[in-house]
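A.B. asks: Here the sequence shown is numbered in my numbering, starting from 2 and rising by one per residue. Quick one: this structure, given as structure tokens, is what I'll be asking you about.
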Amino acid sequence: MYQIDFSDEAWKQIIRMRKSMPQTYKKLNVIIEELKEHPYSGTGHPEQLHYMRGVWSRRLDKKNRIRYTVNDRKITVFVISTLGHYDDK
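In structure tokens form, the structure reads like this:
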């Protein structure tokens, strides 16, 4: 089972999401539980980002993605962000 760690920015985004986007927050919780078991497959169409080596993404809704890295040796997932899209400028 993978340990889940969050960046400070991801925590702030999760708090904001919980208050203003309850459906997206609910899906995020499902995905976080899945990340503990299998970070490379599951809900949200997991994909490795081509231009960001080692970073994975899953769709939360049309606008938002969860971005994370996986360390298989330490058995950890590090959540980078939960709001926005990786193509946002």
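Note that CB positions come from ideal geometry on N, CA and C, so glycine has one too.
To the nearest angstrom, report how far apart residue 59 and residue 83 are at their CA atoms.
C.D. replies: So the alpha carbons of these two residues sit roughly 9 angstroms apart.
A.B. asks: As an exercise, report each continuous beta strand (DSSP E) stretch of at least 3 residues that is fully enclosed by the segment 34-82, in chain order.
C.D. replies: 56-60, 66-72, 77-82
A.B. asks: Assign residue 23 to buried or exposed, taking buried as 16 or more other Cβ atoms, counted over all protein chains shown, within 10 Å of its Cβ.
C.D. replies: exposed
A.B. asks: To the nearest angstrom, how far is the alpha carbon of residue 56 from that of residue 17?
C.D. replies: Cα to Cα, residue 56 sits roughly 23 angstroms from residue 17.
A.B. asks: Between which residues of its own chain and residue 62 is the CB-CB distance below 6 angstroms, once the five residues before and five after are set aside?
C.D. replies: Taken in chain order, the residues that qualify are 25.
A.B. asks: Can you list, in chain order, the residues of its chain with a C-beta nearer than 8 angstroms to that of residue 29? Leave out the 5 residues immediately preceding and following it.
C.D. replies: Result list for residue 29: 15, 18, 61, 67, 83, in chain order.
A.B. asks: Out of 64, 52, 20, 11, point me to the one whose CA is closest to residue 33's CA.
C.D. replies: 11
A.B. asks: Going by beta-carbon coordinates alone, are residue 72 and residue 85 separated by less than 9 angstroms?
C.D. replies: no
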